[in-house]
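*Asks:*
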Amino acid sequence: MSRTLTLETAARRGSLIPLSTRLARALIRGLPLILVAAGWQIAPSVGLISPEALPPLSAVATAWWGLLMDGSLASNGVSSLWEVTAGLGLSIVVGIGAGVLMAWYAPVDAIVSPLMKSLYPMPKSALIPVMILWFGLGAGSKIASIFAGCLLPVVLSSYNGARGVDQSLVWSAMGLGASRRRVLWEVVIPGALPEIMAGIRNALAISFILMVAAEFLVGQNGLGYLISFLGDGGVYDAMFAGVLTVAAFGFFADRVYLLLMQRMLRWRE
Amino acid sequence: MAGISFSEVRHTYRPPRGKPVLALESVSLDVQDREFVALLGPSGCGKSTLLYLLGGFIPVESGAITVGGKPVNGPGRERGIVFQNFALFPWKTVRQNILYGLEKQGMAKVEREKRTQDLVELVHLKGFEDSYPSQLSGGMKQRVAIARTLAVEPEILLMDEPFGALDAQTRALMHEELLAIMRRAPKTVVFVTHDVREAVYLADRVAVMSARPGRIKEIVDTKLKSNARGEELLQTREFNDRVDHLWKLVRDEAIRAQGAHE
Ligand SMILES: Nc1ncnc2c1ncn2[C@@H]1O[C@H](COP(=O)(O)OP(=O)(O)OP(=O)(O)O)[C@@H](O)[C@H]1O
Ligand SMILES: [Mg+2]
């Protein structure tokens, strides 16, 4: 068992597989992406698609470089990042607290649970105009929209996770001298963590959707604002550069989160 | 003083969905201080339920349970329990699991590290201190659970089929370890098992429970006169007579339990 494990780890690190094989594998994994990129470049160039609808990739790349150099990517990226961090962060703290308390205290459950369940299917972007009404046109309403949209997935996963914690684990801790309050921190939350972290991953994806949508509506700054501003101005190559940036942003955020999740849940094997 | 008394204990489970289940019906049993009592009975007769009530994990609704003369009211550190499903904290390593109760006691760090190391050796898990439960076999998990419970030195040990997942050799080793622990620091033990020979070998008395709803059907004295130990004891007439007698009682109940399901 431990032997095959070491072999596997060694294989994953690549020490047992020849370089040429590894290169070939990387190429195969990257192939679909390369084909799409090639198609994107060629189709508008040869007139298969109007360059108005889809500027060639090289033009998009040039526009991207321009946006990078004039600082618009950095300044708008920073505001977007701030909104996502604040909105998602807030929803994680409040969501875990609410979900776990609902699972742990029956009266809280009785009050909050029906509310949560009826709100769950609502399209989260419908809240953006309400948030603008309450918080005005600024970072506040965008953060509030992200918070509101991310809250329910975190609450529900924390609730389900906490309820799923094995009764005997709670009893074990109590038998070993832990108070009910300590049990909440030391058993219920760690026990619920796998579900909580899966819920947060959903929330992360939702936060990007809401970030872009809220920036479309609120404007002023952010990557979503940049995209709609460039689109309205007819600068389509730059607009596509903005879209690609948001996509890459979301992709990397998810990857980093996945790594964090694997690290924190190492004990699951 | 850690005598235990059950008097006319009855327990009904009321699941949120589904019919109520009468698990125990009028169980009365007295366990003396430092006595080792084994509970035998068919699956589903309420043995675990009896331990949960004694552990203070589920409230006593009908009848009374006292420990040292005081009614049980919630869990307490003087009653250590080893759960049937081990109940190890899966996010903690072997070492961290064993340390948990010692941390709750506020024991000094050096001392609790030392105690943990001793226990790891006692249950033959040296080299696995930093493994997570998911990386252990069933028998190893069981031994971690035992070590975690012994760590806080409870006066009363409640053990729910603690050796069920062990192979015959390891089980025999664990029997000797348990008896050695008892000699060093005598405890009151309530020990649930399906293994008649194990019950006769370890216990002072064996209580046989009836099929659900559980009652105490008969209590058999198994304090043997012979001074023999280990393999030798297992060969004695006295030992085998007790085993045969208990085996018949258990078999009758097992058949009744079967019948109840059909
Ligand atoms: N949480 C519960 N809700 C409803 N019924 C339960 C619950 N726990 C146990 N029961 C029922 O109570 C009865 C006694 O269960 P218990 O677990 O105490 O049996 P047991 O003697 O320990 O069985 P085994 O030897 O299989 O471990 C069983 O018939 C079971 O179906
Ligand atoms: Mg049981």
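Protein chains in written order, with my numbering: chain A, 18 to 286; chain B, 996 to 1257. For every residue, glycine included, the Cβ atom is placed at its ideal position computed from N, Cα and C.
Is Gln1079 of chain B close to ligand 2? I mean its beta-carbon at under 7 Å from any heavy atom of the ligand.
*Replies:* Within the cutoff, so yes.
*Asks:* Who are the Cβ neighbours of Tyr1008 of chain B in its own chain at under 7 Å, not counting the five residues just before and after it?
*Replies:* Same-chain partners within the cutoff: Pro1015, Val1016 and Ala1018.
*Asks:* Taking DSSP's pairing of strands, which residues face Leu1024 of chain B in a bridge?
*Replies:* According to DSSP, Leu1024 of chain B bridges with B:Phe1001.
*Asks:* Flag Gly1133 of chain B as yes when its Cβ comes closer than 7 Å to any non-hydrogen atom of ligand 1, and as no otherwise.
*Replies:* Incorrect: Gly1133 of chain B has no Cβ contact closer than 7 Å to ligand 1.
*Asks:* Report the neighbours of Ala1082 of chain B on chain A: residues whose CB is nearer than 8 Å to its CB, in chain order.
*Replies:* The answer, in chain order, is Asp183, Ser185, Leu186, Trp188 and Ser189.
*Asks:* Arg1072 of chain B and Gly194 of chain A: beta carbons closer than 8 Å?
*Replies:* Against a cut-off of 8 Å, the Cβ pair of Gly194 of chain A and Arg1072 of chain B comes out as a contact.
*Asks:* Would you decide whether Phe268 of chain A is buried or exposed? Buried here means 16 or more other CB atoms lie within 10 Å of its CB.
*Replies:* Exposed, because fewer than 16 other Cβ atoms sit within 10 Å of the Cβ of Phe268 of chain A.
*Asks:* Out of curiosity, what's the CA-to-CA distance linking Arg1237 of chain B and Leu282 of chain A?
*Replies:* Approximately 50 Å between the Cα atoms of the pair.
*Asks:* In angstroms with no decimal places, state the Cα-to-Cα distance between Trp57 of chain A and Pro170 of chain A.
*Replies:* Distance between the alpha carbons of Trp57 of chain A and Pro170 of chain A is about 36 Å.
*Asks:* Any Cβ of chain B within less than 8 Å of the Cβ of Gly178 of chain A?
*Replies:* False, the Cβ-Cβ gap to chain B never drops below 8 Å.
*Asks:* Within the 8 Å Cβ cut-off, does Ser166 of chain A reach chain B?
*Replies:* Ser is not the amino acid found at residue 166 of chain A; the sequence shown has Gly there. By this cut-off, Gly166 of chain A is not an interface position.
*Asks:* So for Ala220 of chain A, helix, strand or coil by DSSP?
*Replies:* Here Ala220 of chain A sits in helix by DSSP.
*Asks:* State yes or no: is the beta carbon of Arg1012 of chain B nearer than 8 Å to at least one beta carbon in chain A?
*Replies:* Arg1012 of chain B does not count as touching chain A.
*Asks:* Give the straight-line distance between the Cα atoms of Leu168 of chain A and Thr1088 of chain B, rounded to the nearest whole angstrom.
*Replies:* Taking the straight line joining both Cα atoms gives about 32 Å.
*Asks:* At a CB-CB cut-off below 8 Å, which residues of chain B make contact with Gly64 of chain A?
*Replies:* Chain B residues near Gly64 of chain A: none, gap ~59 Å exceeds 8 Å.
*Asks:* Could you check whether the Cβ of Pro1157 of chain B sits closer than 8 Å to any Cβ belonging to chain A?
*Replies:* False, the Cβ-Cβ gap to chain A never drops below 8 Å.
*Asks:* Return yes when the C-beta of Arg1012 of chain B is under 7 Å from any heavy atom of ligand 1, and no when it is not.
*Replies:* No - ligand 1 has no heavy atom lying nearer than 7 Å to the Cβ of Arg1012 of chain B.
*Asks:* Three or more C-beta pairs under 8 Å: does that hold for the segment 135-143 of chain A against the segment 194-205 of chain A?
*Replies:* Taking 8 Å as the limit for Cβ pairs, the verdict is that the segment 194-205 of chain A does not touch the segment 135-143 of chain A.
*Asks:* At least one CB of chain C closer than 8 Å to the CB of Trp284 of chain A: is that the case?
*Replies:* Checking the listed chains, one finds no chain C in this structure; the protein chains it contains are A and B.
*Asks:* Under 8 Å Cβ-Cβ, which residues of chain A neighbour Arg1072 of chain B?
*Replies:* Going along chain A in sequence order, the residues near Arg1072 of chain B (Cβ under 8 Å) are Gly192, Leu193 and Gly194.
*Asks:* Determine the direct distance from the alpha carbon of Lys1099 of chain B to that of His1240 of chain B, and round the result to whole angstroms.
*Replies:* His1240 of chain B and Lys1099 of chain B: Cα-Cα distance of roughly 44 Å.
*Asks:* Would you mind stating whether Asp1155 of chain B and Leu1046 of chain B have Cβ atoms separated by less than 8 Å?
*Replies:* Yes.
*Asks:* Does ligand 2 have a heavy atom nearer than 7 Å to the CB of Asp1190 of chain B?
*Replies:* No.
*Asks:* Contact check, Gly1041 of chain B vs Met1204 of chain B under 8 Å by CB: the rounded distance?
*Replies:* Correct: roughly 7 Å between the Cβ atoms.
*Asks:* Please report whether the beta-carbon of Ala27 of chain A lies at a distance below 8 Å from any beta-carbon of chain B.
*Replies:* Only weak support exists for where Ala27 of chain A lies, its pLDDT of 49 falling under 50; the coordinates are left without a value.
*Asks:* So, at 7 Å on beta carbons, what are the nonlocal neighbours of Leu989 of chain B in its own chain, with the 5 sequence-adjacent residues on each side left out?
*Replies:* Absent from the model: residue 989 of chain B. The displayed extent of chain B is 996 to 1257, so no value can be given.
*Asks:* Give the single residue among B:Ser1057, B:Arg1143, B:Glu1106 and B:Ala1202 whose Cα lies nearest to the Cα of Phe1081 of chain B.
*Replies:* Selected option, being the one with the closest Cα: B:Arg1143.
*Asks:* On the three-state DSSP scale, how would you describe His946 of chain B?
*Replies:* The structure shown does not extend to residue 946 of chain B, since chain B is modelled only from 996 to 1257, so the question has no answer here.
*Asks:* Can the beta-carbon of Thr1111 of chain B be found less than 8 Å from the beta-carbon of Leu1094 of chain B?
*Replies:* In this structure, Leu1094 of chain B lies closer than 8 Å to Thr1111 of chain B by Cβ.
*Asks:* Expressed to the nearest angstrom, what Euclidean distance is found between the alpha-carbon atoms of Pro1066 of chain B and Lys134 of chain A?
*Replies:* Whole-angstrom Cα-Cα distance: 42 Å.
*Asks:* What does Pro207 of chain A reach in chain B if we use C-beta pairs closer than 8 Å?
*Replies:* Those are Phe1084 and Trp1086, listed as they occur along chain B.
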